[in-house]
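Peer 1:
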Amino acid sequence: MNQVNLDGLQPWGGLAGASFDAADMVVAGIPYDGSAVYRKGAAQAPQRIRTLSAAMPPVTEDGQVLQGLRVHDMGDLNPGPTIAEGWQSVAERLSAVPVTSLLTILGGDHCTAIATIAAQVRRHPDMQLLWVDAHPDLCDFSRGGRWTCGCAMRRALEVTAIDPARVVIAGGRDYDPEEVEFIRATGILLVSARELAADPSGSAQAISDRLAGKKVHVSFDIDALDPAFAPGTEIPSAGGMSTRQALELLGAVMSRTSPVGLDVVEVSPPFDNGDITTFAALKLIFEFWGMSWIGKR
Ligand SMILES: [Mn+2]
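Residue 402 in the working numbering is what sits at position 113 of the sequence shown, and the numbering runs on without skipping anything.
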């Protein structure tokens with residue numbers, strides 16, 4: 290990883306330091322990539338994201354100042370050797386976060402979302418799930434196992450018993466046949482990367498119509514972005530969103546819902562190029578903080 294000079298700067302734009310019980314936003318990392326079959330590296334993301342968070346100003350792109358947003362960073366929660374065995378202990382720790390706080394979770398591969406979503410469903414039993422990803426991760430079995438990244442959402446739905454009709458997938462473009470069948474059979478709303486590009490406002494409208502007025506957790510796989518904008522990821526998938534389009538989509542949806550958290554997964558620092566993927570993740574995180582906090586304080 291390239292060396293950078295962050296002298297005089299504090300992590301999380303200087304916003305961290307609130308107590309666990311009094312935080313508006315609780316951050317935690319899940320440094321696990323044992324479910325990544327194609328290539329590993331996402332376990333290094335929490336540390337790289339945290340380090341570079343010092344370079345982010347505590348101000349949104351529209352000039353809204355985030356000072357006053359109380360952030361607490363729990364540090365990393367390690368699921369141990371396998372997520373199949375370890376997701377419950379991580380979910381337990383996250384479930385203890387006061388329900389008034391929002392969660393920002395740093396993956397890890399996408400199977401870390403099993404722990405995150407399990408905790409969020411305990412904290413907010415009526416929540417909806419917005420899964421932003423090039424892949425639905427809905428295989429029952431993929432690449433030699435049932436706890437590999439291609440199965441991440443399928444396992445998350447199983448362990449939480451969330452009704453798939455409460456799920457929206459945005460940015461999809463790579464599917465296994467069984468995933469398409471599962472989506473059609475269960476009533477998941479799929480808005481593909483092509484639809485988002487062809488009709489951004491209509492797509493945002495369709496997604497936010499489904500989620501309007503509800504609590505929403507966003508699970509953001511960085512591979513939803515085009516590899517031009519986020520090359521540092523396990524499986525680059527051509528034809529994706531720009532970071533700009535993703536921010537517009539999130540803004541449109543968040544303005545009509547009650548966000549309860551965000552997890553950003555599959556950032557893979559060893560495959561990144563000048564940290565642009567890590568900084569894309571940080572932009573999403575800081576703008577999400579603005580979207581969920583400005584106007585509600
Ligand atoms: Mn994924």
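Positions of the beta carbon are idealized from the N, C-alpha and C atoms, including for glycine.
Going by C-alpha distance, which of F577, A307, Q299 is nearest A343?
Peer 2: For this step, residue 343 is matched to residue 54 along the sequence shown. Of the candidates F577, A307, Q299, the one whose C-alpha sits nearest the C-alpha of A343 is Q299.
Peer 1: Would you decide whether R432 is buried or exposed? Buried here means 16 or more other CB atoms lie within 10 Å of its CB.
Peer 2: Within the sequence shown, numbered from 1, the residue matching residue 432 stands at position 143. Classification of R432: exposed, given that the 10 Å Cβ count is below 16.
Peer 1: Identify whether Q356 lies in helix, strand or coil by the three-state DSSP scheme.
Peer 2: The sequence position of residue 356 within the sequence shown is 67, counting from 1. Looking at Q356 - three-state DSSP - the assignment turns out to be coil, as it is neither helix nor strand.
Peer 1: Cβ of P335 within 8 Å of Cβ of G302?
Peer 2: Here residue 335 is taken as the residue at index 46 of the sequence shown, counted from 1. Here residue 302 is taken as the residue at index 13 of the sequence shown, counted from 1. No. Outside cutoff.
Peer 1: With DSSP collapsed to three states, give me the class of G550.
Peer 2: Counting from one through the sequence shown, the residue named residue 550 turns up at place 261. If DSSP states are grouped into helix, strand and coil, G550 belongs with the strands.
Peer 1: Give a single yes or no on whether H506 has its beta carbon closer than 7 Å to a heavy atom of ligand 1.
Peer 2: Translated into the one-based positions of the sequence shown, residue 506 becomes position 217. It does not: the Cβ of H506 is nowhere closer than 7 Å to a heavy atom of ligand 1.
Peer 1: Report the rounded CA-to-CA distance for A441 versus D498, giving the unit in angstroms.
Peer 2: Residue numbering aside, residue 441 sits at position 152 when the sequence shown is read from its first letter. Residue numbering aside, residue 498 sits at position 209 when the sequence shown is read from its first letter. Each residue's Cα considered, the two are about 26 Å apart.
Peer 1: Kindly provide the chain-ordered list of residues whose Cβ lies closer than 7 Å to any non-hydrogen atom of ligand 1.
Peer 2: H399, D422, H424, D426, C438, A441, D510, D512, V554, E555
Peer 1: Is the beta carbon of D422 sitting closer than 8 Å to the one on D515?
Peer 2: Numbered from its first residue, the sequence shown carries residue 422 at position 133. Numbered from its first residue, the sequence shown carries residue 515 at position 226. No, they are not a contact pair.
Peer 1: Measuring alpha carbon to alpha carbon, tell me which of L295, Y327, I458, V379 ends up nearest I406.
Peer 2: Position 117 of the sequence shown, counted from the start, is the residue given in the question as residue 406. Cα-wise, what sits closest to I406 is V379.
Peer 1: For L446, collect the residues of the same chain with a Cβ closer than 7 Å to its Cβ; drop the 5 residues on either side in sequence, then sort them by chain order.
Peer 2: By 1-based counting over the sequence shown, the position of residue 446 is 157. Hits under 7 Å: P453.
Peer 1: Flag this pair as yes or no: are the beta carbons of V505 and M580 separated by less than 8 Å?
Peer 2: As a working note, residue 505 is residue 216 in the sequence shown. As a working note, residue 580 is residue 291 in the sequence shown. No, these two residues do not count as a Cβ contact at 8 Å.
Peer 1: How do the segment 551–558 and the segment 395–409 stand: do at least 3 beta-carbon pairs fall below 8 Å, yes or no?
Peer 2: yes
Peer 1: Alpha carbon to alpha carbon, how far is R462 from G297?
Peer 2: The residue given as residue 462 occupies position 173 in the sequence shown. The residue given as residue 297 occupies position 8 in the sequence shown. So the alpha carbons of these two residues sit roughly 42 Å apart.
Peer 1: The beta strand (DSSP E) spanning A380 covers which residue range?
Peer 2: Here residue 380 refers to the residue found at position 91 of the sequence shown. It is not in any beta strand (DSSP E) - A380 instead sits in the alpha helix (DSSP H) that spans 372–384.
Peer 1: Excluding the five sequence neighbours on either side, which residues of its own chain have a C-beta within less than 6 Å of the C-beta of A493, listed in chain order?
Peer 2: Taking the first residue of the sequence shown as 1, we reach residue 493 at position 204. Closer than 6 Å at the Cβ level, and outside the excluded window around A493, lie L538, A541.
Peer 1: Who pairs with I458 in a beta bridge, going by DSSP?
Peer 2: Sequence index remark: in the sequence shown, residue 458 carries index 169 (1-based). In the DSSP assignment, the residues bridged to I458 are W420, L479.
Peer 1: In chain order, what residues of the same chain lie with their CB nearer than 8 Å to the CB of D512, ignoring the 5 residues before and after it?
Peer 2: Taking the first residue of the sequence shown as position 1, residue 512 is located at position 223. Around D512: D422, A423, H424, A519, T522, E523, I524, P525, S526, G529, E555.
Peer 1: Given that a residue counts as buried once 16 or more other Cβ atoms are within 10 Å of its Cβ, and exposed if not, what is L279?
Peer 2: In this structure the chain extends from 290 to 586, so residue 279 is not present and cannot be described.
Peer 1: Find out if the Cβ-Cβ distance for the pair C438, V326 is shorter than 8 Å.
Peer 2: Translated into the one-based positions of the sequence shown, residue 438 becomes position 149. Translated into the one-based positions of the sequence shown, residue 326 becomes position 37. Yes, the Cβ-Cβ distance between C438 and V326 is below 8 Å.
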